[in-house]
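So the structure is just underneath, and the comments pick up after that.
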Amino acid sequence: MSLTDTGAAATLPVPVAPDCPGGADPGASALLWDSEETLDLRLPAELTALRTALPDHAPSPRDGDLLDGIHTWGPTTTPVGTFELAPVRMEHDLPLVHGWMNDPAVAEFWELAGPQDRSERHLRAQVDGDGRSVPCLGVLDGTAMSYWEIYRADLDPLARFYPARPHDTGIHLLIGDGAHRGRGLGSTLLTAVAELVMERRRACTRVVAEPDIRNTPSVSAFHRAGFRCRAEVDLPGKRAALMIRDRVRPEPS
-17 MSLTDTGAAA
-7 TLPVPVAPDC
3 PGGADPGASA
13 LLWDSEETLD
23 LRLPAELTAL
33 RTALPDHAPS
43 PRDGDLLDGI
53 HTWGPTTTPV
63 GTFELAPVRM
73 EHDLPLVHGW
83 MNDPAVAEFW
93 ELAGPQDRSE
103 RHLRAQVDGD
113 GRSVPCLGVL
123 DGTAMSYWEI
133 YRADLDPLAR
143 FYPARPHDTG
153 IHLLIGDGAH
163 RGRGLGSTLL
173 TAVAELVMER
183 RRACTRVVAE
193 PDIRNTPSVS
203 AFHRAGFRCR
213 AEVDLPGKRA
223 ALMIRDRVRP
233 EPS
């Protein structure tokens, strides 16, 4: 399933009740986030220039690294163990990711089952892109057990479908190892990653996601991780719950 640049005019989300679909049993057997693949991951020159001209754009030594050096973020402590996002190494990690994509529970939403070259194309588009989407393994206590895509939602075609802010950061996630499903890890790790994004990306004020509204375990897990459903939106290929977690700012004294 791909969210590609179709040239269509922007479609604003359809307002819905704040709690949106969800409410799945926290013990659901799988927590799986569907892929919204961006096939062209190189920014046009005019968009790069526009980004640089934004009022809140402050050049830094890493200017041009659109996600502020995920490879430098390091581990974080969670209630379930030490967790780290490790950017995918194609030659080493492709077989593992390919195996996960062919798990029927994963394939239902990611739609990347099939020969290995299909998974390779999906990963390669990001690894060889401009850095606005970074595929990562989620490593818990030394074991790779999940797959993540951390992406610039404001520079993704998704931005056509909601009122994006500069530096909005998106998350796609799947729990790859069946032994780790049904244990409540999804919401715990989502909480940790959302907090890590806010800590490492100081210009980011919101973390966003767009799970399929049919995928009630994932919508429920996002709720438990502090995300709120702001709208239902029709994306190419699915109707999604637009989930947003805002940066929590201290109350003025």
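Taken in order, the sequence shown gives residues -17 to 235; the numbers are from the working numbering.
Cβ coordinates follow ideal geometry from the N, Cα and C atoms, glycine included.
May I have the straight-line CA-CA distance separating residue 239 from residue 224, to the nearest angstrom?
-> No statement about residue 239 is possible, as the shown extent of the chain runs from -17 to 235 and does not include it.
Measuring CB to CB, does residue 49 end up less than 8 Å from residue 153?
-> Along the sequence shown, one-based indexing puts residue 49 at 67. Along the sequence shown, one-based indexing puts residue 153 at 171. No, the Cβ-Cβ distance between residue 49 and residue 153 is not below 8 Å.
With distances taken Cα to Cα, identify the nearest neighbour of residue 85 among 65, 67, 59 and 129.
-> For the purposes of this step, residue 85 is identified with residue 103 of the sequence shown, where counting begins at 1. Nearest of 65, 67, 59 and 129 to residue 85, Cα basis: 129.
What is the DSSP secondary structure of residue 187, reduced to helix, strand or coil?
-> By one-based count along the sequence shown, residue 187 stands at place 205. Three-state result, residue 187: coil.
Would you kindly work out how many angstroms separate the C-alpha atoms of residue 119 and residue 171, rounded to a whole number?
-> Locating residue 119 in the sequence shown gives position 137, where the first residue counts as 1. Locating residue 171 in the sequence shown gives position 189, where the first residue counts as 1. Looking at the two C-alpha atoms, the distance is approximately 12 Å.
Could you tell me the distance, in whole angstroms, from the CA atom of residue 218 to the CA atom of residue 111?
-> As a working mapping, residue 218 is identified with position 236 in the sequence shown. As a working mapping, residue 111 is identified with position 129 in the sequence shown. Near 22 Å, if we compare the C-alpha coordinates of residue 111 and residue 218.
Please list, in chain order, all residues of the same chain as residue 117 whose beta carbon is under 6 Å from its beta carbon, the five residues on each side excluded.
-> In the sequence shown, residue 117 corresponds to position 135, counting from 1. Contacts found: 70, 105, 108 and 131.
In or out: residue 158 buried (at least 16 other Cβ within 10 Å) or exposed?
-> For the purposes of this step, residue 158 is identified with residue 176 of the sequence shown, where counting begins at 1. The residue in question, residue 158, is buried, as its Cβ has 16 or more Cβ neighbours within 10 Å.
Put residue 17 into one of helix, strand or coil per three-state DSSP.
-> Your numbering for residue 17 matches position 35 in the sequence shown. Here residue 17 scores only 41 on pLDDT, less than 50, and its place in the model is too uncertain to base an answer on.
Reference residue 207, options 184, 173 and 155, closest by Cα | On the sequence shown, position 225 is the one that residue 207 refers to. Here the closest residue by C-alpha is 173.
Distance CB(residue 183)-CB(residue 151) smaller than 8 Å | As a working note, residue 183 is residue 201 in the sequence shown. As a working note, residue 151 is residue 169 in the sequence shown. Against a cut-off of 8 Å, the Cβ pair of residue 151 and residue 183 comes out as a contact.
Residue 77 - containing alpha helix (DSSP H), residue span = To locate residue 77, count along the sequence shown from 1; it is residue 95. 72 to 83 is the extent of the alpha helix (DSSP H) around residue 77.
Just tell me which of 189, 204 and 188 has its CA closest to the CA of residue 195.
-> Residue numbering aside, residue 195 sits at position 213 when the sequence shown is read from its first letter. Nearest of 189, 204 and 188 to residue 195, Cα basis: 204.
Residues of its chain near residue 41, where Cβ-Cβ distance is below 7 Å and the 5 sequence neighbours each way are ignored = Indexing the sequence shown from 1 puts residue 41 at position 59. Model confidence at residue 41 stands at a pLDDT of 38, short of 50, so the residue's coordinates are unreliable; what they give is reported in the following sentence. Nothing listed; no residue qualifies.
Excluding five sequence neighbours on each side, which residues of the same chain lie with their C-beta closer than 6 Å to the C-beta of residue 126?
-> To locate residue 126, count along the sequence shown from 1; it is residue 144. Hits under 6 Å: 119.
Could you name the residues of the same chain whose beta carbon sits closer than 8 Å to that of residue 102, not counting the 5 residues immediately before and after it, in chain order?
-> Counted from its first residue, the sequence shown places residue 102 at position 120. Here the set comprises 72, 76 and 80.
Residue from 149, 155, 123 and 226 with nearest C-alpha to residue 211 = Sequence index remark: in the sequence shown, residue 211 carries index 229 (1-based). Looking at the Cα atoms, 226 is the closest of the given residues.
Roughly how many angstroms separate the alpha carbons of residue 175 and residue 168, rounded to a whole number?
-> Against the sequence shown, residue 175 aligns to sequence position 193. Against the sequence shown, residue 168 aligns to sequence position 186. Cα to Cα, residue 175 sits roughly 11 Å from residue 168.
Opposing strand residues paired with residue 116 [DSSP bridges] = Looking up residue 116 in the sequence shown gives position 134. 132, per the DSSP bridge assignment.
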